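S.K.:
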Amino acid sequence: TKTAPIMDDQAPLNILRNTFGYDRFRSPQDEVIQTLLEGGDALVLMPTGGGKSLCYQIPAMAMPGTGVVVSPLIALMQDQVAALQQAGVRAACLNSSLTLDAVRAVESQLLSGRLDLLYIAPERLLTERTLTLLERARINLFAIDEAHCVSQWGHDFRPEYIRLSLLAERWPQVPRIALTATADARTREEIRGRLGLDQARVFISGFDRPNIRYRIHQSTGNARRDLLRFIRDTHPDEAGIVYCLSRKRVDEVAHWLTGQGLTALPYHAGLSAAVREAHQRRFLNEEGIIIVATIAFGMGIDKPNVRFVAHLNLPKSIEAYYQETGRAGRDGLAADAWMSYGLQDVITLRQMVDASEADEAHKRVERHKLDAMLGLCESVACRRQTLLPYFGEPLPEPCGNCDNCLEPPQTWDGTIPAQMALSCVHRTGQRFGVNYLLDVLRGKADERIKGFGHDRLGVFGIGRDLTVNEWRGIFRQLIARGLLTVDLEGHGGLHLNPSCRPVLRGEVPLMLRKETRPPKPSREPRRS
Ligand code: ADP
Ligand code: ZN
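Numbering-wise, full-length UniProt numbering comes out as the position in the sequence shown, counting from 1, plus 2.
See below:
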């Protein structure tokens with residue numbers, strides 16, 4: 003005889019099915035929930051849309067008492083609460099938009115144990131009034147959403163987040179869960195340290211987007227034309243986003259693509275709100291629209307069938323690249339992340355960091371982030387295998403769905419030309435930019451070079467064998483690897499870094515990526 007299954011309304015799986023209407027948990031939701039139910043702390047790193055909310059909503063509902071959710075975004079908080087109430091969950095929020103009567107009602111629900119979830123903004127939570135209120139209530143967990151706001155190095159730093167460490171001190175027995183979509187190792191460690199989560203189990207998942215094909219290449223000198231070819235060849239009449247660094251470039255590229263017969267709309271902070279809204283609406287509602295944008299575009303955009311994201315410049319960090327490319331292929335169907343970048347991007351971004359108002363420590367972090375991004379670009383390994391470890395999710399095998407996997411790049415021993423380039427920088431006094439240096443190397447005896455007497459240097463003309471583009475590639479890779487640094491004064495002069503010595507002395511070979519891709523190997527005809 004069959005025994006009837008035990009029906010427990012409070013079991014996580016039943017809550018998932020009955021309240022939220024889903025069949026099964028996504029990994030690692032069930033493990034996170036179990037950790038909290040057992041009284042442990044958790045740190046959850048999942049990309050946006052990964053399903054973080056259920057990780058605290060379900061245990062808060064499953065345990066007696068109320069789960070307190072700290073969230074910095076009041077508007078999102080209200081949406082979430084409304085959606086939960088719709089599903090029959092006893093949820094409420096405390097924020098500055100409530101009337102005194104509404105606040106009293108929420109407080110009495112909380113104190114009488116008639117509330118599953120209470121959402122509060124951090125600054126409100128940290129008032130003595132709220133803390134005392136919570137002490138009188140039965141709290142079953144604390145969830146700290148957008149936990150990366152505790153990081154001073156991130157772009158979303160919120161000082162009040164640092165004070166959330168007091169939750170651990172005042173409620174040592176209550177499990178805590180911190181959640182974020184920003185998962186680089188530094189942020190992760192900061193969250194653990196600052197929120198007292200040293201004992202927390204860490205869950206990282208879902209960062210891989212297998213349907214996105216990553217392609218990164220050096221600009222051939224005409225990035226716009228490369229982009230047009232890419233769109234025409236692979237995504238005619240499909241929706242896509244093109245990111246550029248400056249507003250001027252956005253306008254120019256949108257205009258040019260339109261002239262080529264595509265529907266490309268600009269989007270940046272310099273346009274009026276009405277224009278931006280109109281362009282965004284068309285992108286969402288019409289088919290085949292291309293948005294050309296600065297990074298201002300994309301926040302909160304959830305269009306499932308974006309077939310490509312193209313970068314005409316280097317993003318400033320791997321996180322930014324991942325965020326921006328992640329807007330492609332939300333529907334799970336094949337999508338492309340395409341990037342074209344050049345030497346000038348590296349120089350411009352370095353200069354932007356150097357010229358910023360930030361203090362030295364921040365600048366150092368920004369430079370590291372840019373270096374990591376460049377490392378990804380110049381890598382000859384699988385892009386995913388380079389990208390995912392950055393989010394704590396290493397990939398054991400090459401992915402088979404990136405440019406480096408599909409068309410393995412060739413490398414060459416660039417030690418000798420690198421030595422020539424480095425000596426040229428040295429001999430000309432470490433104050434000239436790339437264009438001048440490559441003229442010297444290629445032996446162009448113009449007035450300026452003669453004026454400085456650089457036509458009499460030993461390095462003059464020793465690099466005739468290589469083309470201008472090859473030299474540009476070499477300089478870019480030397481900068482990318484930190485052997486050369488771009489001048490602080492903003493004239494783009496290059497100087498040597500101590501790390502270039504082993505290369506100059508010939509102690510280590512410098513393997514460089516070949517600029518031109520080999521043609522795809524054609525398959526051998528099959529014999530049967
Ligand atoms: P995040 O907070 O990580 O950005 P959400 O918690 O808002 O993500 O979830 C993203 C979407 O995925 C929501 O529509 C949510 O309902 C859905 N979702 C979450 N968990 C599951 C699941 N186990 N099965 C199906 N859908 C889920
Ligand atoms: Zn790969």
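By construction, the Cβ of each residue, glycine as well, lies at the ideal position given by its N, Cα and C atoms.
In this text, all values refer to a predicted model and were calculated from it rather than measured experimentally.
1) Considering only the beta carbon of each residue, do Val382 and Arg284 sit closer than 8 Å?
2) Less than 8 Å separating the beta-carbons of Leu147 and Ser99?
3) Tell me whether Val277 sits in a helix, a strand or coil according to DSSP, three-state version.
4) Determine the DSSP secondary structure at Val294, reduced to helix, strand or coil.
5) Applying the 10 Å Cβ sphere with the 16-neighbour rule, what's the burial state of Tyr343?
6) Leaving out the 5 sequence neighbours to the left and right, which residues in its chain are closer than 8 Å to Leu508 when beta-carbon positions are compared?
7) Exposed or buried, what is Ala360 when buried is set at 16 or more other beta-carbons lying within 10 Å of its beta-carbon?
8) Figure out for me which residue from Gly495, Leu113, Pro49 and Arg26 has the closest Cα to the Cα of Ile60.
9) Take Met65 and list the residues in its own chain whose beta-carbon comes closer than 6 Å to its own, dropping the five residues that flank it on each side.
10) List the whole-angstrom C-beta distance separating Ser319 from Lys371, where the pair is believed to meet the contact cut-off of C-beta under 8 Å.
11) In this structure, what does DSSP give as the bridge partners for Arg179?
12) Select from Gly156, Ile214 and Leu468 the residue whose C-alpha is nearest the C-alpha of Ile193.
13) Relative to ligand 2, is the shortest distance from any of its heavy atoms to the C-beta of Cys379 smaller than 7 Å?
14) Taking the continuous alpha helix (DSSP H) assigned at Val252, which residues delimit it?
15) Buried or exposed: which applies to Gln175, given that a residue is buried once 16 or more other Cβ atoms fall within 10 Å of its Cβ?
16) Hey, which unbroken runs of the alpha helix (DSSP H) at 4 residues or more fall wholly within the region 469 to 507?
17) Distance check for Phe144 and Leu168, CA to CA, integer angstroms please.
18) Quick test of your reading: Pro49 and Gly300, contact by CB under 8 Å. State the CB separation rounded to the nearest angstrom.
19) Can you give me the C-alpha to C-alpha distance between Val470 and Leu480, rounded to a whole angstrom?
20) Kindly list the residues whose CB is nearer than 7 Å to the CB of Gln87, restricted to its own chain and excluding five residues on each side of it in sequence; keep chain order.
21) Can you determine whether any heavy atom of ligand 2 sits closer than 7 Å to the C-beta of Arg385, and answer yes or no?
22) To the nearest angstrom, report how far apart Arg444 and Ala295 are at their CA atoms.
23) Cβ atoms of Asn287 and Ala241: under 8 Å apart, would you say?
24) Determine the direct distance from the alpha carbon of Glu254 to that of Val71, and round the result to whole angstroms.
25) Is the beta carbon of Ala139 less than 8 Å from the beta carbon of Leu96?
26) Cβ atoms of Ile122 and Met63: under 8 Å apart, would you say?
27) So, for Asp11: in the same chain, excluding its five sequence neighbours on each side, which residues have a beta-carbon less than 8 Å away from its beta-carbon?
28) Please tell me whether, using a cut-off of 7 Å, the distance from the CB of Lys250 to the nearest non-hydrogen atom of ligand 1 is below it.
M.R.: In short, the structure shows the following:
1) no
2) The residue you asked about is not Leu; residue 147 is Asp in the sequence shown. The answer is no: Cβ separation not under 8 Å.
3) helix
4) strand
5) buried
6) The displayed chain sequence assigns Gly, not Leu, to residue 508. Same-chain partners within the cutoff: Thr417 and Gln421.
7) exposed
8) Arg26
9) Asn142
10) 4 Å
11) According to the sequence shown, residue 179 is Ile rather than Arg. In DSSP, Ile179 forms a bridge with Ala44 and Ala145.
12) Gly156
13) no
14) Arg249 to Gly261
15) exposed
16) 470 to 482 and 503 to 506
17) 12 Å
18) With a Cβ gap of about 14 Å, Pro49 and Gly300 do not count as contacting.
19) 15 Å
20) Ala93
21) yes
22) 38 Å
23) no
24) 45 Å
25) no
26) no
27) Ile17 and Asn20
28) no
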